[in-house]
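I have placed the structure first, in the form of structure tokens, so that the comments after it can refer back to it.
Residue numbers (our numbering): 1 to 247.
Spelled out as structure tokens, the structure:
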């Protein structure tokens with residue numbers, strides 16, 4: 001198995017800690033999607049993807065519809081996606097994806113988190129090159145031949161495709177297929193899956209570290225303090241790092 005498989009295995013153990021935080025993140029994604037492509041999911045592929053992700057975390061349909069309606073209002077501010085780069089203790093590179101309506105607040109908060117945890121906020125381009133920017137899709141495995149699907153998708157740039165198990169909305173284990181490809185392949189793969197009536201459970205983007213660094217338990221604890229502070233910040237959408245993790 002490749003890096004995407006190992007990355008997925010480790011991150012499965014680090015799900016969003018609170019459902020309310022997950023709803024907040026999805027809400028921001030809806031606003032950005034609507035501002036970019038309009039409120040109709042049939043003509044807005046980004047919004048379709050966000051709605052799928054909302055279903056996967058059992059976000060009520062009413063909440064989704066309200067968020068779309070609110071995002072369409074003229075007085076609804078927009079969220080800007082801002083990427084922060086830096087180092088945690090012990091030389092661990094950290095990437096922080098944020099969605100903010102107040103850049104000054106977000107910059108101050110992220111800088112404070114790094115400073116208080118003995119890390120350092122870097123300049124643009126200082127660590128982003130250490131991560132591969134990927135897109136991913138999760139679809140139901142039932143009735144699909146993994147090798148055949150891989151052959152179909154290889155022309156779309158797919159780099160890794162593998163089976164995984166996860167809980168569905170009824171907390172029953174289900175088999176799924178995970179597809180990983182370069183960031184720019186998202187639209188082509190989404191279109192292929194939709195055109196072939198393959199139900200997309202979730203989709204999104206992740207930054208997979210090219211090399212991970214092993215730390216002692218004590219060192220890892222120092223890094224975790226920073227990661228937890230960042231992940232608890234309301235403006236933060238995702239945090240990626242180069243620390244070696246075990247599932």
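We put the CB at the ideal spot given by N, CA and C, even for glycine.
Should residue i go down as buried or exposed, given a rule of 16 or more other Cβ atoms within 10 Å for buried?
i, result
"residue 183", "exposed"
"residue 154", "exposed"
"residue 120", "exposed"
"residue 257", "Outside the shown range of the chain (1 to 247) lies residue 257, about which nothing can therefore be said."
"residue 205", "exposed"
"residue 242", "buried"
"residue 40", "exposed"
"residue 185", "buried"
"residue 86", "buried"
"residue 61", "exposed"
"residue 29", "buried"
Please say whether residue j and residue i have beta carbons closer to each other than 9 Å?
i, j, result
"residue 46", "residue 37", "yes"
"residue 146", "residue 177", "yes"
"residue 97", "residue 8", "no"
"residue 35", "residue 113", "no"
Given this structure, state the Cα-to-Cα distance separating residue i from residue j, to the nearest angstrom.
i, j, result
"residue 99", "residue 239", "12 Å"
"residue 116", "residue 88", "11 Å"
"residue 234", "residue 21", "8 Å"
"residue 102", "residue 110", "12 Å"
"residue 150", "residue 3", "17 Å"
"residue 84", "residue 27", "21 Å"
"residue 197", "residue 203", "15 Å"
"residue 23", "residue 187", "24 Å"
"residue 223", "residue 42", "42 Å"
"residue 118", "residue 173", "41 Å"
"residue 255", "residue 181", "Outside the displayed range of the chain (1 to 247) lies residue 255, so it cannot be described from this structure."
"residue 136", "residue 44", "18 Å"
"residue 179", "residue 231", "25 Å"
"residue 138", "residue 49", "11 Å"
"residue 67", "residue 236", "19 Å"
"residue 127", "residue 53", "28 Å"
"residue 220", "residue 59", "33 Å"
"residue 17", "residue 226", "Reliability fails at residue 17, whose pLDDT of 49 lies under 50, so the model's placement of it is uncertain and the value that follows must be treated cautiously. Cα-Cα distance, rounded: 16 Å."
"residue 33", "residue 148", "33 Å"
"residue 10", "residue 209", "12 Å"
"residue 63", "residue 76", "16 Å"
Compare the Cα-Cα distances from residue i to each of the options and report the closest residue.
i, options, result
"residue 245", "232, 211, 192 and 234", "211"
"residue 166", "195, 189 and 57", "57"
"residue 156", "236, 202, 141 and 191", "191"
"residue 175", "164, 181 and 185", "164"
"residue 141", "230, 123, 193 and 159", "193"
"residue 201", "51, 228, 185 and 152", "51"
"residue 65", "221, 122 and 31", "31"
"residue 254", "49, 127, 162 and 59", "The chain is shown only over 1 to 247; residue 254 falls outside these bounds and no answer can be derived."
"residue 143", "53, 76 and 199", "199"
"residue 195", "220, 76, 152 and 209", "152"
Does any CB atom of chain B fall closer than 9 Å to the CB of residue i?
i, result
"residue 73", "The displayed structure is made up of one protein chain only, and chain B is not part of it."
Does the ligand GDP have a heavy atom nearer than 8 Å to the CB of residue i?
i, result
"residue 173", "This structure simply doesn't include the ligand GDP, nor any ligand for that matter."
Meets three-Cβ-pair contact criterion under 8 Å: the region 72-88 and the region 100-115: yes
Meets three-Cβ-pair contact criterion under 8 Å: the region 83-95 and the region 117-136: yes
Cβ contact (3+ pairs, closer than 8 Å) linking the region 208-215 and the region 66-73: no
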